[in-house]
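Take any residue in the sequence shown, count from 1 to its spot, add 97: that is its number in my numbering.
Comments concern the structure below.
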Amino acid sequence: MTTDIALLDVEDLQIELITAHGVVRAVDGVSFTVGAGETVTLIGESGSGKSTTAMGVLRLLPEGLAVLSGSVRIAGRDIVADPRAARELRGRTVSLIPQDPMTALSPVHTIGRQLGDALRLRHPGLSRAEAREKGTDLLAQVRIPRPETRWKTYPHQFSGGMLQRILIAAALAAGPRLLIADEPTSALDATVQAGVLDLLMELQEQEGIGMLMITHDLGVARVVSDRIHVMKEGRFVESGPAERIVERPAEPYTRALLAAVPRLGAWDEDETALTMAAPRGAAG
């Protein structure tokens, strides 16, 4: 389900990378929106600018990268013009699901400690017992079995797929209206990947959250997206509804990306193969 409300409105965003050999335009004038209940995906090869765009949206660019011009409005507030707004919105209105759960989670603290910290950032007055109750509810929401007994376990005691679900729970702890998911399934095998994508779509339907998805995999984009923007060398080379981009790509670059992944439509013969057999929003 989508609405006309623009949770994220990016206009003519330009980001520069300063190198020893000069200045490179890492992101060159991209514009897009994300509405409530909508998933918009940026797809491209490594180095295309998609993750740089996402970090620019969050104002979390690493050293050497800087926003040159453009506007980024989250819930109506321009974080390019007002850096303080970015700090106020991050972890509240907008949350990040990072790429690698093994590096995103602390190995020396329990899952409960880390989820509790995330909850208290949003709700400073929470007691330890209240944080645990809310945290176990979040773990159950992201399909972690026996959440009460998992509260005191450490990241190394979970599989990669379970850790990714815990990162999703941590992102949801803030009660965000917008999620930015940076390659959230790239480290997972196909079966686990399908489960995580199914979870994200289910949560989105339940909560009405808007989502900006970053991926190099057009197969992933096919499953989750309402709209797709294909990036190459910092620019959008093709944009449109997911079904049109996947079924009738206009650009050779998009066709090459599509050819590089398994044809998920081939799963149509197996009626048990989740919802991955057809693009999101397709009739069927």
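For every residue, glycine included, the Cβ atom is placed at its ideal position computed from N, Cα and C.
What residue ranges within the segment 279-346 form continuous alpha helix (DSSP H) runs of no fewer than 4 residues, ordered along the chain? 287-304, 315-321 and 339-344
Nearest to E113 by alpha carbon, out of G126, D106, Q290 and A103? Position 16 of the sequence shown holds residue 113. The option with the nearest alpha carbon to E113 is G126.
With 16 as the cutoff for other CB atoms within 10 Å, does S203 come out buried or exposed? Translated into positions along the sequence shown, residue 203 becomes position 106. With fewer than 16 Cβ atoms within 10 Å of its Cβ, S203 is classed as exposed.
Ordered along the chain, which non-local residues of its own chain (more than five positions away) have a Cβ less than 8 Å from that of R229? Counted from its first residue, the sequence shown places residue 229 at position 132. Here the set comprises G209, G213 and W248.
To the nearest angstrom, how far is the alpha carbon of A268 from that of P180? Position 171 of the sequence shown, counting from 1, holds the residue named residue 268. Position 83 of the sequence shown, counting from 1, holds the residue named residue 180. If I take the Cα positions, the gap works out to 21 Å.
Just tell me which of E108, V327 and G257 has its CA closest to the CA of G167. Within the sequence shown, numbered from 1, the residue matching residue 167 stands at position 70. The shortest Cα separation from G167 among E108, V327 and G257 belongs to E108.
Which class does S128 belong to by DSSP, given the choice of helix, strand or coil? Locating residue 128 in the sequence shown gives position 31, where the first residue counts as 1. S128: strand per DSSP, three-state reduction.
Between the Cα of A284 and those of L296, H313 and S224, spot the shortest distance and give me the residue it belongs to. Indexing the sequence shown from 1 puts residue 284 at position 187. Closest option to A284, Cα to Cα, is H313.
Just the C-alpha distance for A163 and L235, rounded to the nearest angstrom, thanks. Within the sequence shown, numbered from 1, the residue matching residue 163 stands at position 66. Within the sequence shown, numbered from 1, the residue matching residue 235 stands at position 138. Those two C-alpha atoms are separated by around 35 Å.
So, does the segment 116-134 touch the segment 285-294, judging by three or more C-beta pairs under 8 Å? no
When we look at the beta-carbon of P242 and count the other beta-carbons within 10 Å, is it buried (16 or more) or exposed? Residue numbering aside, residue 242 sits at position 145 when the sequence shown is read from its first letter. P242 comes out exposed.
Among E330, A183, P338 and R274, whose alpha-carbon lies nearest the alpha-carbon of L300? As a working note, residue 300 is residue 203 in the sequence shown. The shortest Cα separation from L300 among E330, A183, P338 and R274 belongs to R274.
Kindly identify the DSSP beta-bridge partner or partners of R189. As a working mapping, residue 189 is identified with position 92 in the sequence shown. Paired residues: none, contrary to the question.
Using three-state DSSP, classify V154 as helix, strand or coil. Sequence index remark: in the sequence shown, residue 154 carries index 57 (1-based). Residue state, collapsed to three classes: helix.
In angstroms with no decimal places, state the Cα-to-Cα distance between P198 and A215. Mapped onto the sequence shown, residue 198 falls at position 101. Mapped onto the sequence shown, residue 215 falls at position 118. If I take the Cα positions, the gap works out to 15 Å.
What span of residues does the beta strand (DSSP E) with I115 cover, start to end? Sequence index remark: in the sequence shown, residue 115 carries index 18 (1-based). Note, I115: beta strand (DSSP E), A103 to T116.
For T138, name the three-state secondary structure that DSSP assigns. Within the sequence shown, numbered from 1, the residue matching residue 138 stands at position 41. Three-state DSSP puts T138 in a strand.
Could you please give me the residues that DSSP links to L223 through a beta bridge? Here residue 223 corresponds to residue number 126 of the sequence shown, with the count starting at 1. Paired residue(s): none; L223 is not in a bridge.
Apart from the five residues on each side of it in sequence, which residues of its chain come closer than 6 Å, Cβ to Cβ, to G331? Reading the sequence shown from its first residue, position 234 is the one you call residue 331. Same-chain partners within the cutoff: R122, A123, V124, D125 and G146.
So the alpha helix (DSSP H) A163 belongs to, where does it begin and stop? To locate residue 163, count along the sequence shown from 1; it is residue 66. Note, A163: premise wrong, no alpha helix (DSSP H); beta strand (DSSP E) at L162 to I171.
Residue range of the unbroken alpha helix (DSSP H) whose run includes A270: By 1-based counting over the sequence shown, the position of residue 270 is 173. Here A270 belongs to no alpha helix (DSSP H), and DSSP marks it neither H nor E.
When you compare only the Cα positions, how much space is there between I325 and G257? Walking along the sequence shown from the start, residue 325 turns up at place 228. Walking along the sequence shown from the start, residue 257 turns up at place 160. Computed Cα separation, rounded: 27 Å.
Just to confirm the assignment, what range does the alpha helix (DSSP H) spanning E245 have? Residue mapping note: residue 245 aligns to position 148 of the sequence shown, counting from 1. Note, E245: alpha helix (DSSP H), P244 to R247.
Here's the rule: buried if 16 or more other CB atoms are within 10 angstroms of the residue's CB, otherwise exposed. What is A353? Along the sequence shown, one-based indexing puts residue 353 at 256. A353 is exposed by the Cβ-count criterion.
Other residues of its chain near R174: CB distance less than 7 Å, five sequence neighbours each side excluded: Taking the sequence shown and counting its residues from 1, one reaches residue 174 at position 77. Same-chain partners within the cutoff: A182 and L186.
Taking C-alpha atoms, which residue in I311, V293 and V205 lies nearest to I277? Position 180 of the sequence shown holds residue 277. Answer by Cα proximity: I311.
So who's on the other strand from I194, going by DSSP bridges? Position 97 of the sequence shown, counted from the start, is the residue given in the question as residue 194. For I194, which the question treats as bridged, DSSP gives the partners A278.
Residue closest to A178, alpha-carbon to alpha-carbon, out of P244, V239, L110 and R219: To locate residue 178, count along the sequence shown from 1; it is residue 81. Of P244, V239, L110 and R219, the residue nearest in Cα terms is L110.
From the DSSP output, in three-state form, read off D214 for me. On the sequence shown, position 117 is the one that residue 214 refers to. Note: D214 maps to helix in three-state DSSP.
Would you decide whether G161 is buried or exposed? Buried here means 16 or more other CB atoms lie within 10 Å of its CB. Mapped onto the sequence shown, residue 161 falls at position 64. G161 is exposed by the Cβ-count criterion.
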